[in-house]
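Numbering (the numbering used here), first residue to last: 72 to 367.
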């Protein structure tokens, strides 16, 4: 097989991330549809051992632990993807405007980006959680704003690199608006670095949300949340240690999945993967140089 054909193969680490996403997504989705009542229903059968009816047993209130764990996992997937998507929209718009406008506009936007990057994400997330309380949607949006600067840097770098290309210059000469050029030329040629940044941000959201949930922020009882489940299980650590281990593993798996996807996309953008030649150069390598910078 030629190098050109071999270079199109997906990196093994990216395939692992996709498989993990498929498994977690399908499992949590099916259980959410079929086991929602079991995860919320309180019974007298507290701390029951694993059985055919309750695969992981029950918690201190007699609720099915497996159903709650799967629903919490699905919730992490949705909230992390949602926050990363909103962050991508905000950051991409800012990055394209900065890259196209230049001058004072570029300077102001990038100084704002630098300011947001200078503040620790966990600190701003805690401030948002304390202010917004149990409003999960608002907390997710706040985390998206906090983590949008990385996307702004990626898109600014991409815009600066692509705006001098022949196809972009030709579109400008023919009278195509900048907004349309951004939508039809800049964004399509920035997909891979944006996806890598998306996965990196989503993994950060998983950890930030888990910390907030552990503190009782950004979650409404009695709906399952992995961080809150860890917090509640501390009281029973001596007698039921797996009540704490199970949600911790769920957090680890979801965060690892996003990191595998991010690292796989980075590998996809690397010189060896794109060209199959050590030391090779690629436009995607240049565009992906800042992916994940500042928010890790």
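In this text, a Cβ means the ideal position worked out from N, Cα and C, and glycines have one as well. In this text, all values refer to a predicted model and were calculated from it rather than measured experimentally.
Alpha helix (DSSP H) segment containing residue i, residue limits
i           : result
residue 264 : 262 to 285
residue 329 : 313 to 340
residue 99  : 83 to 105
residue 243 : 237 to 244
residue 204 : Counting along the chain, residue 204 falls outside any alpha helix (DSSP H), and DSSP gives it neither H nor E.
residue 152 : 136 to 172
residue 220 : 220 to 233
Candidates the options, of which the one nearest residue i by Cα
i           : options          : result
residue 173 : 145, 231 and 161 : 231
residue 189 : 221, 161 and 148 : 221
residue 150 : 113, 208 and 128 : 208
residue 326 : 103, 226 and 145 : 145
residue 219 : 177, 271 and 202 : 271
residue 304 : 192, 179 and 319 : 319
residue 265 : 195, 118 and 162 : 162
residue 279 : 117, 187 and 191 : 191
residue 205 : 96, 331 and 294  : 294
Euclidean distance between Cα positions of residue i and residue j
i           : j           : result
residue 233 : residue 257 : 7 Å
residue 312 : residue 171 : 55 Å
residue 199 : residue 285 : 15 Å
residue 120 : residue 181 : 56 Å
residue 255 : residue 229 : 14 Å
residue 227 : residue 126 : 49 Å
residue 260 : residue 216 : 24 Å
residue 90  : residue 334 : 14 Å
residue 246 : residue 176 : 23 Å
residue 87  : residue 301 : 27 Å
residue 140 : residue 115 : 20 Å
residue 236 : residue 329 : 32 Å
residue 82  : residue 332 : 10 Å
residue 186 : residue 248 : 31 Å
residue 282 : residue 298 : 6 Å
residue 113 : residue 310 : 20 Å
residue 92  : residue 253 : 30 Å
residue 292 : residue 131 : 15 Å
Short Cβ contact (8 Å threshold) for residue i with residue j
i           : j           : result
residue 296 : residue 84  : no
residue 308 : residue 315 : yes
residue 136 : residue 128 : yes
residue 223 : residue 166 : yes
residue 269 : residue 159 : yes
residue 102 : residue 138 : yes
residue 194 : residue 263 : no
Check whether the stretch 210 to 217 and the stretch 146 to 155 touch, using three or more Cβ-Cβ pairs below 8 Å as the test. yes
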